[in-house]
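Working notes, structure below.
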Amino acid sequence: MTRWLLLIGSLVTMTCVGAQESVELRLTDAIALALRDNRAVRGAYLQRVVQRFDLRVAADQFAPQLSLHARYLGQRNQADRYRQAQLTPSASLLTPYGTRLSLDWAYDDTRADDAGRRYSDGANLTIIQPLLRGAGRAIATAPLRQAHLAEQINRLALQESVAQVVAQTIFDYHDLLRAQEQLRIADDALARARQWVEVNRALIAAGRMPAFEIVQAQAQVADQELAREGSRNRLYQSRLALAQVLALDMTTPLRAVEPLRVEPTHLDAEQALQRAQRLQPAYRAQLLAGEQAAIDLQVARNEQWWDLALIGGASQQRERPVDSRAWQHYLGLELSIPLGDLSRRQVLVQAQVAADTQRLREAQAQQLLARDVAVAVRDLQVRWRQLGIARRALELAQRKLDIEQEKLAAGRSSNFQVLSFESDLRQAQSTELDTSIDYLQAQVMLDQVVGSTLQRWQVALDD
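Start counting the sequence shown at -8; every next residue gets the next number (the numbering used here).
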């Protein structure tokens, strides 16, 4: 993503258009600005700070845990006055096989005005190895595996959030481009309408047209002025929408300068589905959720076992000034059997139902993915055919108008017919523009469904 941000300073330029400055923006500029300043993207990256730390905490469970407890007391009773200092450092370790080791050392130093000084110290080592419940690497590392799966899901969620912002930026940019072109078409149509009024006046002055027929041309001018005002309003709204997704000042006069290039996409439904199964974040997250449910079920089944553990330990105690020493060690088994506790069975039932439900969700997600891919691919193909038809219709509308103007000049047509063909040309231009933009939007939608939006625009997550 850093590479995108470097484009901003060099690509966004300010140009003077009349008395107003406009910000000329290419599509790559807009995407770079969105990746830098969009609030949804920034919020998603802030959430990743917490999520990455959660993974660090989960991994830290197998690291040595150290603690230090210290206390100093001044005491007094009817016999004497004491000053006592205690220091108790301890360490514990959980291994990936469920073994728990703990070591602590205690030091006690007591000084009395009459009784004198007395101190003691001792160490204790304890080892607990589960044999049934909680035993084995698969169970002991289940929380860490869950955390790694959650981290993958969180990264997929970030990828999907960024891809949605990129897609929305492209949609809004295309809408701005559409509004600009619609305004240009409206301006051209208004210019032709006014020019036709002048032609009508010349024909009236030459006696080749009744004076009352100029009303039709003048009405056409009024209609085009009305259409232009509507186009201006849509352009204003499109600028606001793009400025919002880019987190820019709403008064920024944005202008899209990306050339309207429409190129066909050759991708059949089967290829698209295979790519979607590899790349689509939501679908991949469902598969990872299935792995999480399987781990939960494995842990819940293990919870049904008795709590049997091998325990061992050793301790040593020393006291001064009496120079007393004591030590002991032990090794044995510890068994705990819950009786009449339905909560463990409840956990197993819940985990089993959750796993079964997740399998249904995966099947549903696979079917929805296949449907969405098929719909997106077909929509793209249909819109390409519509674009070809619209282009042919535009060419024919232009030829039809040219021929009718020549016929009117020869006195073989009417003013009304020319104005009607003029409206047809304007409609064909708008249709060709709409089908072009719609095809580009359909390409973006297909990328969204397949999950290749970030790949297409070469966006790397700065995570």
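C-beta: ideal position from N, C-alpha, C; glycine also.
Rounded distance between the beta-carbons of residue j and residue i, thought under 8 Å
i: Ala154; j: Thr422; result: Contact flag wrong, Cβ pair sits at about 30 Å.
i: Gln420; j: Ile176; result: 5 Å
i: Glu413; j: Leu399; result: In fact, because the Cβ distance is near 11 Å, the residues do not count as touching under 8 Å.
i: Arg17; j: Val248; result: 6 Å
i: Gln307; j: Gly113; result: 6 Å
i: Val290; j: Ile119; result: At roughly 19 Å, the Cβ-Cβ gap does not stay under 8 Å, so Val290 and Ile119 are not in contact.
i: His165; j: Leu431; result: 6 Å
i: Leu84; j: Pro121; result: That belief does not hold up - the Cβ atoms of Leu84 and Pro121 are roughly 15 Å apart, past 8 Å.
i: Gln66; j: Gln77; result: Going by Cβ atoms, the distance from Gln66 to Gln77 rounds to 12 Å, so no, they are not a contact pair.
i: Ser152; j: Ala35; result: 4 Å
i: Gln171; j: Leu226; result: 6 Å
Counted within 10 angstroms of its Cβ, other Cβ atoms place residue i as buried (16 or more) or exposed
i: Asp438; result: buried
i: Asp363; result: buried
i: Arg222; result: A quick correction: the sequence has Ser, not Arg, at residue 222. Looking at its Cβ environment, which holds 16 or more other Cβ atoms inside 10 Å, Ser222 is buried.
i: Val48; result: exposed
i: Val435; result: buried
i: Arg57; result: The sequence given here has Leu at residue 57, not Arg. With fewer than 16 Cβ atoms within 10 Å of its Cβ, Leu57 is classed as exposed.
i: Trp448; result: buried
i: Tyr274; result: buried
i: Ile380; result: exposed
i: Asn224; result: exposed
i: Gln186; result: exposed
i: Ser229; result: buried
i: Gln341; result: exposed
i: Thr160; result: buried
i: Ala210; result: exposed
i: Pro255; result: exposed
i: Leu194; result: buried
i: Arg374; result: buried
i: Val450; result: buried
i: Gly198; result: exposed
i: Cys7; result: With a pLDDT of 36 at Cys7, under the threshold of 50, the modelled position of that residue is not reliable, and the figure given next carries that caveat. Flag for Cys7 reads exposed.
i: Gln265; result: exposed
i: Leu371; result: buried
i: Ala61; result: exposed
i: Pro329; result: exposed
i: Ala196; result: exposed
Identity of the residue in the options nearest residue i by Cα
i: Ala184; options: Arg335, Ala381, Arg417 and Tyr98; result: Arg417
i: Ala50; options: Gln137, Ser111, Tyr36 and Ala260; result: Gln137
i: Ala21; options: Gln446, Ala238, Thr132 and Trp297; result: Ala238
i: Asp347; options: Asn191, Ala285 and Ala31; result: Ala285
i: Ser427; options: Leu24, Glu395 and Arg382; result: Arg382
i: Gln343; options: Arg292, Leu251 and Asp314; result: Arg292
i: Ala455; options: Glu353, Gln207, Ala106 and Gln77; result: Lying outside -8 to 454, the shown extent of the chain, residue 455 is not represented and no answer is given.
i: Ala103; options: Ala70, Arg128 and Ala133; result: Ala70
i: Glu220; options: Leu360, Leu278, Val206 and Gln173; result: Gln173
i: Pro250; options: Pro201, Gly127, Leu424 and Leu92; result: Leu424
i: Arg403; options: Thr90, Met200, Arg128 and Gly125; result: Met200
i: Arg252; options: Leu92, Arg390, Arg169 and Pro134; result: Arg169
i: Val338; options: Asp287, Gly304, Leu226 and Leu217; result: Asp287
i: Val190; options: Ser405, Gly442 and Gln446; result: Ser405
i: Glu204; options: Gly442, Phe407 and Ala433; result: Phe407
i: Ala182; options: Ala202, Leu167, Ala218 and Asp163; result: Ala218
i: Gln295; options: Gly331, Asp314 and Arg335; result: Arg335
i: Tyr98; options: Asn115, Asp105, Gly107 and Arg91; result: Asn115
i: Gly127; options: Gln42, Thr90, Gly107 and Ala158; result: Thr90
8 Å Cβ cutoff met for residue i and residue j
i: Ala388; j: Asp415; result: yes
i: Leu149; j: Gln283; result: no
i: Thr86; j: Phe53; result: yes
i: Ala180; j: Gln215; result: yes
i: Ala300; j: Glu261; result: no
i: Val440; j: Pro244; result: no
i: Ala267; j: Val156; result: no
i: Arg311; j: Tyr110; result: yes
i: Asp454; j: Arg146; result: yes
i: Ala208; j: Leu410; result: yes
i: Leu231; j: Met241; result: yes
i: Leu46; j: Pro80; result: no
i: Val368; j: Leu258; result: yes
i: Gln357; j: Ala280; result: no
i: Arg124; j: Asp298; result: yes
The alpha helix (DSSP H) enclosing residue i, as first and last residue numbers
i: Pro80; result: Unbroken run through Pro80 is the beta strand (DSSP E), Arg72 to Leu85; no alpha helix (DSSP H).
i: Glu172; result: Ala133 to Ala196
i: Ala90; result: The question names Ala, but residue 90 is Thr in the sequence shown. Note, Thr90: premise wrong, no alpha helix (DSSP H); not H, not E.
i: Gly34; result: Arg30 to Ala50
i: Gly331; result: Note, Gly331: premise wrong, no alpha helix (DSSP H); not H, not E.
i: Ala213; result: Ile205 to Val236
Range of the contiguous beta strand (DSSP E) that encloses residue i
i: Tyr274; result: Segment Pro272 to Asn293 is the alpha helix (DSSP H) holding Tyr274; no beta strand (DSSP E) there.
i: Asn115; result: Gly107 to Pro121
i: Gln319; result: Ser315 to Ser327
i: Ser58; result: Gln56 to Arg67
i: Leu301; result: Asp298 to Arg311
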